[in-house]
Amino acid sequence: MPKQPPQPPQPPASPDRALPPASGHTPSPPLTGACAERFAALVAEAEAVPVDGWDFSWLEGRATEERPSWGYARAMAERLGRARAALDIQTGGGEVLASAPTLPPLMVATESWPPNVARATALLHPRGVAVVVDGDEPPLPFGDGAFDLVVSRHPVTTWWEEIARVLAPGGTYFSQQVGPASVFALVEHFRGPLPPSAYAARDPERARAEAEAAGLVVTDLRSESLETAFFDIGAVVHFLRKVVWMVPGFTVDAYRPQLESLHRRIEAEGPFTARTTRFLVEARKPTDAPQNGSRGAGR
């Protein structure tokens, strides 16, 4: 399977945000000599790189992530090419949506994080996409039945009732999501052991149940376990600075002992690997589903 630079998992796949930094990390001797110099150089390089948006190209050659076999971007593009009105929820920097060669006549994207809003606007506005600032909490700022296609890659939270509401009868929701316990080997190195509730989160079958409870029919649900590898400590620093919910409050100074011990391990043993989970879900709104009668976007 081809490998690509890691892409960001989203907050629900991370451990409980209320957990304090791990206090039981075993101290190790300070780095010395060439090992210390290499650590300092790699960390300084990673800290100097901007982390706005979802462009992970800086990690090329420094980290890899296996991609799911279903090819989300390609499959999303195929569906967008057939749609009349579509919504991309939590578009990030808009990079995945922008990869689609053809967009529907009405294309809307939502995003909440200001740096991403700016990137998405610059990337998507020239293609006629309306980028809407939204807080990622219900209600979605659109009318009932506004879209015949809703897509989302790695959403923070999936508000199934809202998705069902904004879908037109016969419309489709298509999403790739972060599954349970993703990159937890890395997270636990910094945070310590995670509670069972963290491992139970993001179950694909729970997504199925919630979609069906909202009145949708799940037509496809697939899950794959994949490998992420970090080749140097700079890649780890960049990843944790960018994907801020994995280790909340991460800074090099706050987690220097953990970083130094991981640097030693990578230098001695090679790349640090962690498992990630991704699942694909596609759900359809029945054609005979009732609407509340409010006017939607594009009507």
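Throughout the sequence shown, residue numbering follows the working numbering, covering 58 to 356 in sequence. We put the beta carbon where it would ideally sit given N, CA and C, even for glycine.
- Apart from the 5 residues on each side of it in sequence, aspartate 193 sits with its Cβ closer than 7 Å to the Cβ of Gln147, Ser169, Val213, Thr214 in its chain, given in chain order.
- For the pair histidine 211 and valine 190, the CB atoms are not nearer than the 7 Å cut-off.
- Aspartate 310 sits exposed, since fewer than 16 C-beta atoms from the chains shown fall within 10 Å of its C-beta.
- Of all alpha-carbon atoms in Tyr256, Arg298, Asp205, the one lying nearest the alpha-carbon of proline 161 is that of Asp205.
- Within its own chain, the residues whose Cβ lies closer than 7 Å to the Cβ of alanine 221, once the five positions on either side in sequence are excluded, are Ala271, Gly272, Leu273, Lys342, listed in chain order.
- Counting along the chain, the unbroken beta strand (DSSP E) around glutamine 234 starts and ends at 224-235.
- Taking 7 Å as the cut-off, the beta carbon of alanine 292 is found closer than this to the beta carbon of leucine 116.
- In the DSSP assignment, threonine 330 falls within the unbroken beta strand (DSSP E) covering 329-341.
- Listed as beta-bridge partners of phenylalanine 287 by DSSP are Ala120, Phe329.
- Looking at the DSSP output, aspartate 193 shares a beta bridge with no other residue.
- Scanning the stretch 137-191 from its first residue to its last, the whole beta strand (DSSP E) runs of 3-plus residues come out as 142-145, 163-168, 187-190.
- Between arginine 335 and glutamate 281, the C-beta gap is smaller than 7 Å, which places the two residues in contact.
- For the 7 Å CB-CB criterion, glutamate 123 and glutamate 326 do not form a contact.
- Residue nearest to phenylalanine 113 within the set Arg298, Met303, Ile323, Pro347 is Arg298 (criterion: CA-CA distance).
- Note that the C-beta distance between alanine 225 and glycine 202 is below 7 Å.
- For phenylalanine 204, the uninterrupted beta strand (DSSP E) segment begins and ends at 204-210.
- Collapsing the DSSP output to three states places arginine 279 in a strand.
- The alpha-carbon of aspartate 260 is positioned some 22 Å away from that of methionine 133.
- The C-alpha of glutamine 315 is placed about 44 Å away from the C-alpha of arginine 184.
- At a Cβ-Cβ threshold of 7 Å, phenylalanine 231 and valine 208 count as neighbours.
- Here alanine 264 is near valine 338, since their CB atoms are less than 7 Å apart.
- Annotation: alanine 143 to valine 300 spans about 27 Å, alpha carbon to alpha carbon.
- Here valine 274 carries a strand assignment [DSSP, helix/strand/coil].
- In this structure, DSSP gives tyrosine 312 a state outside helix and strand, which the three-state scheme calls coil.
- Alanine 238: not part of any alpha helix (DSSP H); DSSP gives it neither H nor E.
- Ranked by how close their Cα comes to the Cα of asparagine 173, the residues Gly110, Pro196, Val244 have Gly110 in first place.
- Annotation for alanine 93: the continuous alpha helix (DSSP H) segment containing it runs 90-104.
- Apart from sequence neighbours up to five positions away, the residues of its chain that approach glutamate 269 with a beta-carbon distance below 7 Å are Val275, ordered along the chain.
- Arginine 176 and glycine 138 do not touch by the CB rule: their CB atoms are close to 24 Å apart, not below 8 Å.
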